[in-house]
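Top to bottom, those sequences are chains B and R. For the first sequence, UniProt numbering assigns the number 1 to the initial residue and increments by one for each residue that follows. For the second sequence, UniProt numbering assigns the number 1 to the initial residue and increments by one for each residue that follows. Read the structure below first, then the notes.
2 protein chains.
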Amino acid sequence: MATPVFTNGQPQPATSDCDVLIVGAGPAGLMLANWLSRFSQDVKTRILDKRGTKIFNGQADGLQCRTLEIFDSFDFGHRAWRESNHMLEICLWNPDKDGVIRRSDRIPDTIPGISRFQQVVLHQGRIERFFLDSIAKNSDIKVERATLPISFSFDESVSKNTEAYPITVTIQHLTEEEATPKQSATSQNGAGISDGLFRSNMTPDDTQELINLAQKSKHAGQTETIRAKFMVGCDGAHSWVRNQVGFTLKGESTDYIWGVLDIVPITDFPDIRMRCAIHSASQGSVMVIPRENKLVRLYIQLTTVQNAAGGAKFDRSTITPEVILASAQRIMAPYKLSYKYCDWWTAYQIGQRVGDSFSLHERVFLAGDAVHTHSPKAGQGMNVSMQDTYNLGWKLAHAVRGTHDLSVLKTYQSERRKIAQDLIDFDHKFSRLFSGRPAKDVLDEEGISMDEFKDAFVKGNMFASGIAVDYGSSMIVAKSGSSVEQGDGTDVSIQSGTTAAISKPELTKNISLGKRMPSVKVLNQADARPWHFQELLPSNGCWRLVLFAGDLTDKASLERLNRLGAHLGSKDSFINRYTPPGRPVDSLIEVLTVHSGKRAEFELLSLAEPFHPYTEQDGYDYWKVFVDDVSYHEGENKAYDFYGIDKERGCGVIIRPDQYVSWIGHVDDYENMDKFFSAFMKTPKATIRATNGLTNDTSTLR
Amino acid sequence: MATPVFTNGQPQPATSDCDVLIVGAGPAGLMLANWLSRFSQDVKTRILDKRGTKIFNGQADGLQCRTLEIFDSFDFGHRAWRESNHMLEICLWNPDKDGVIRRSDRIPDTIPGISRFQQVVLHQGRIERFFLDSIAKNSDIKVERATLPISFSFDESVSKNTEAYPITVTIQHLTEEEATPKQSATSQNGAGISDGLFRSNMTPDDTQELINLAQKSKHAGQTETIRAKFMVGCDGAHSWVRNQVGFTLKGESTDYIWGVLDIVPITDFPDIRMRCAIHSASQGSVMVIPRENKLVRLYIQLTTVQNAAGGAKFDRSTITPEVILASAQRIMAPYKLSYKYCDWWTAYQIGQRVGDSFSLHERVFLAGDAVHTHSPKAGQGMNVSMQDTYNLGWKLAHAVRGTHDLSVLKTYQSERRKIAQDLIDFDHKFSRLFSGRPAKDVLDEEGISMDEFKDAFVKGNMFASGIAVDYGSSMIVAKSGSSVEQGDGTDVSIQSGTTAAISKPELTKNISLGKRMPSVKVLNQADARPWHFQELLPSNGCWRLVLFAGDLTDKASLERLNRLGAHLGSKDSFINRYTPPGRPVDSLIEVLTVHSGKRAEFELLSLAEPFHPYTEQDGYDYWKVFVDDVSYHEGENKAYDFYGIDKERGCGVIIRPDQYVSWIGHVDDYENMDKFFSAFMKTPKATIRATNGLTNDTSTLR
């Protein structure tokens, strides 16, 4: 075991243990802390941030459909949905034959039908607020602000021992003054914004400066040593954690410089409340992103700055809101543009980099900007960062609880580094098309074809929705093919000695192994209420076995399901083997049933008890059996048709705690279900505490 | 002017003034305070409650569609919608030929299509929480708890003077102990609930007891004298305010005694999560109301208690949860019913009473249980009570601001006493059918026909939705016919000397004068986002002039609308005459446009400026013009078809601040619009303060 390395002539600092130490409380760090707040009974989590406060304005703020689905699984999707600006349409503006910009196309911003949400915009400060509220509601985890990690050691020899603490970190508490960045205040009149480039990728990191300051200060003695089982670096592009483990970002910057203005626009440009891509003939490009509270964000290409600096690091002082606005005015002419109120501004240099590794022995992990940086215009950065830790959180929790094998943690790098590489490729292509000069005609080979640009935009929208994510074959995705080829190159196939479960993906047309479970409305059998299927999959750490049971008013189908019920209810079923003793029967693997019979012709209590568990305190559980039938107020949803499942044959689907699909097979194929879970689940430690309630409290349903 | 009448040998108490004094902070009082919180710039409001805390469980809790629409107009409908249990279906259970209860029918709980919401159930404590949060967000009004009014005087001679304070009330502050009722604590195991009859209509009022206690206590000196322009008694069935003004409730009690249990049921009754009406052959009736958090409320007829007491006031101590449960078990046999957890219980005696007057000189008003009491089973009481003050709030605010004539306040009694009378009739009929024994066959004339019961249930559902409310002709509803006959008998026609505006209700099939504006989705012209039309009508005190302008891509239609725009924008238009100087142009009368042309073929800025007001600070307003066109993600809504409006001719609609329809006419009929507003609006006082912003901040839209 490591001993604290930082003593500095001071008394030996206090030492404490935690299961997961999160460094950085931006969106990626908060997503992780939020996940772990759902396991606060079993997992001791701490989260540090060097800043004294959360973000209040500016910064990344597009939210993908998939991110909203994830927020909804944590019960705050509706807050983002209500407060945000919804983007419905993209208008493309290009020079006409006289070089004057004209609207050339309208395309939907979100591809219709891919999600129950559409892409929206809301500033990062509100998103952090939703996370903080959600964490506080579910746990006593508090963000420890103004806290800086200053030393790190790692004991590789114990990294295979689940119970060990291979990580030792010393942290230092800063004073409020030390932790307050010199970010400019919001200007009410557009003047006097002193440093809009704070946190731009054109400014150097200030972590070392903070460390130096803190060590000199009179509070330098306020250090603490933390031993952790796992550590996750969510600490941004200048990641301290990444530097400690010695990983690097690979890639490069381009010559393109862009400015950003968040303003309440005063303009006669007709599409100022649409998302717009405006290519001027020769003055560069503008992207318009309408926001909440009357604000509009403008991404503005700074061709003059770029020319002056020739691509090298240049004089930041030449970039001001006035310079950025003047560029926008040139690009958007003959339309007029000005503002009285500027909320925030910045500038950045386009580049794409991705981390060479995402994990040190599956004990230290990197996520978000610490392992991928790119341009902000496609609205991807914050989404992909949050989805990194959404992927990681439940895996860490089950590792700490001892309910999953440690090897499951390898799938984090396999799944997420692949996504980061895809993102970087996407951004590279998109940035080039957006920053280039429009072609004058088909012979103008140096110019960008506007048809090609539109095509890229339409295709990019599927990627940008976050819905296209398709995790490769692994011990937790029972898909054919090589896990090495389908991921980032990491081998995450099942361990030798276990038998792989076989999927039958042909049993459904529109549920795909490795992709997130699509959503359609189904009715609760007991009370006829319609629910979006995803609402039945809250992020609480449960795996789900979903039984599309066919027509249960048919006797043979009912008997088939009840035979499965007998297996599931038996003492040595995979549910009873792996669920920690004393915990609710639905707390590790929840069984949900969706049948295709007529609701009014079927009685819930004709099903075996595992499909609607009974407890002495609460009686039967009425929130596990659903039906694909006509609703009173929302028409017919045709869930079986939507999913492409045969109404008699049905199928079974295993869904991960993050809503991605693991296995598809026959509804009564108990054997393959058992094989699937047996490959990575572990008989739980007896030390896990029993809970009072005997069923899982998915409170959104009650 | 009155002087304080309560001195009691103590030093003269402090005196302060307020515009509106609300007595009672239950749902009716909180609804009113919430309304007035939207006017906190102009209206000084105080709200008193004799209790020390808000309600935590039990009590009325059905929410009508209309109530949810109103909550949504205050921006917290989604909280009620998410937390509540939704009721979709009513199952009717009746004795079969062998006397065994069977499900005989299923009917939708809410009539499909009448609202975007359906009836739900949520306990009163949460509803009071939403109000308190909303009030705090919009104002600094605080509920003054443990505060008892102890004397009242009224100076009738100044009641016609808007600026005068005809009301003087002395209040006394109680200690916490004095104000804490002896309500039983919630039982975790079903035992030891000592007094479930707290606040039942079978217990005497405790107000006088509280007054006596307070006067004896050492804090008796802590009195205060309040002078008020208006006072509203929302202080329940034993209303102190009603007693002060000398009004009475007319009506009578019946012999029927009912018990109420809120339990987590342990049962094999198949429809326990449905709303059920169960008539047993001879043991009485049960109504099942499924609730949030696994709870179910059972209304249980206590035939044994009734028989023992013979209709007179009886021995309350004979009613216990065990007695109530035993009745339910007899009625629901052969199904089993028990519980481990009881959240609350009570009992009540059915009766119907309505106040003889709702207002003293339009200065003191009564609302809610203070003027109507009835049985709770139809889920009406809290809804009608809140809708009383929803009707009154904006009228009071405009009276205090001086923007409406005081005579508008007469419409409160005309409109709401009529509703109370209808409610009492409904409840009388419904209670009789529900409490009676089912007929054995067609010859059993003493028994209740189950067909008649079902018929009453189906018809009652329209009334019970709250959507059927139809306010009569008055100075604020330009409807033909007699205001005396269409209301409670009060004359609320327009004053002599003004000319009545003429409506043309035939211009729309599905918008009705006197009823609330129905809702369908329309798209924002500027950003293509779909909004439910009611979302464009937040309760902020504005009147709305809605222009269904026809096809604005047609030149003649555009010119017609722009000619109206010239009238509206002129210096002496009704908008500019009545809007207080310095206030946003859309703060008193907001102009909304819905056109029927193709969105993509129309440019917002081709409309005259009154349809999208411009300010120097914020540029154009992009949130006032909408279009009936196909959406990207929600299909075609066909708003013109839904409202039954001709797509070329269009029409204009004036909507009250509470979403009820006042006038329907031709889209360019400026003359009648002007007549309508001129009948009751007043040129505002110069003393109203100017605001900073120059447009109305309907923040839900941005």
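We put the beta carbon where it would ideally sit given N, CA and C, even for glycine.
Excluding sequence positions up to five before and after SER493(B), its CB lies within less than 6 Å of the CB of SER483, all in the same chain and listed in chain order.
Under the 8 Å criterion on CB atoms, GLU144(R) is classed as non-interfacial with respect to chain B. The continuous stretches of alpha helix (DSSP H) do not include ALA679(B), and DSSP gives it neither H nor E. Each residue's CA atom was taken as its position, placing GLY582(B) and LEU298(B) some 55 Å apart. With respect to chain B, the C-beta atom of HIS633(R) has a partner C-beta closer than 8 Å.
Nearest in C-alpha terms to SER115(B), of all of ASN94(B), ILE70(B), SER317(B), is ILE70(B). The C-alpha of HIS612(R) is placed about 13 Å away from the C-alpha of LEU561(R).
Non-local beta-carbon contacts of LEU536(R) in its own chain, meaning distances under 7 Å to residues more than five positions away in sequence, involve LEU592 in chain order. The way I'd put it, the stretch 109-128 of chain B doesn't touch the stretch 157-167 of chain B; fewer than three beta-carbon pairs between them come closer than 8 Å. Scanning the stretch 40-85 of chain B for uninterrupted beta strand (DSSP E) segments of 3 residues or longer gives 45-49, listed from N- to C-terminal end. Burial is judged here by how many other beta carbons sit within 10 angstroms of a residue's own beta carbon; LEU295(B) has at least 16 and is buried. Less than 8 Å divides the Cβ of LEU564(B) from the Cβ of TYR670(B). For chain R, the residues of the stretch 242-276 of chain B that bring a beta carbon within less than 8 Å of one of its beta carbons are VAL264, PRO265, ILE266, THR267, ASP268, PRO270, ILE272, ARG273, MET274, in chain order.
Taking the Cβ atoms as the reference, VAL520(R) lies roughly 24 Å from ILE476(R), outside the contact range of under 8 Å.
For VAL627(R), the closest alpha carbon among the candidates GLY619(R), GLN617(R), TYR640(R), ALA370(R) is that of TYR640(R). DSSP lists ILE589(B) as the beta-bridge partner residues of TRP543(B). If the five residues before and after HIS633(B) are omitted, its C-beta is found closer than 8 Å to the C-beta atoms of PRO530, all from its own chain and listed in chain order.
Counting only the Cα atoms, ASP255(R) lies some 10 Å from SER435(R). Cβ contact annotation for ASP388(R) (same chain, cutoff 7 Å, sequence separation greater than five): ALA28, ALA367, GLY368, ARG416, in chain order. Three or more beta-carbon pairs drawn from the stretch 221-230 of chain B and the stretch 166-173 of chain B are found closer than 8 Å, and the two stretches are therefore classed as touching. DSSP places LYS454(B) in the uninterrupted alpha helix (DSSP H) bounded by 450-464. Inside the stretch 82-107 of chain B, DSSP marks no whole alpha helix (DSSP H) run of 4 or more residues. At a beta-carbon threshold of 9 Å, the residues of chain B lying near GLN617(R) are VAL264, ILE266, LYS340, TYR341, ordered along the chain. The beta carbon of ARG599(B) lies closer than 7 Å to those of LEU523, GLN525, ALA528, VAL627, ASP629 in the same chain, with the five residues before and after it left out. Under the DSSP assignment, ARG432(R) falls outside any beta strand (DSSP E), being part of the alpha helix (DSSP H) whose first and last residues are 410-435. Each residue's CA atom was taken as its position, placing PHE453(R) and GLY246(R) some 39 Å apart.
When the Cα atoms are used, ASP75(B) and LEU513(R) turn out to be separated by approximately 40 Å. Take the alpha-carbon of ILE448(R) and the one of SER280(R): they are about 12 Å apart. Across the stretch 585-612 of chain B, CB contacts with chain R closer than 8 Å involve ALA600, GLU603, LEU604, LEU605, in sequence order along the chain. When rounded, the separation of the alpha-carbon atoms in LEU36(R) and PHE358(R) is 20 Å. Contact note: LEU396(B) does not reach chain R at a C-beta cutoff of 9 Å; the least C-beta distance is about 29 Å.
Using a CB distance below 7 Å, the part of the stretch 517-540 of chain B facing chain R consists of ALA526, ASP527, ALA528, ARG529, ordered along the chain. Here THR318(R) is exposed: its Cβ has fewer than 16 other Cβ atoms, across all protein chains shown, within 10 Å. About 6 Å separates the CB atoms of VAL354(B) and GLN421(B); that is less than 8 Å, so the two are in contact.
For LYS137(B), no Cβ of chain R is located within less than 8 Å of the residue's own Cβ. In the three-state reduction of the DSSP assignment, ASN524(R) falls in the strand class.
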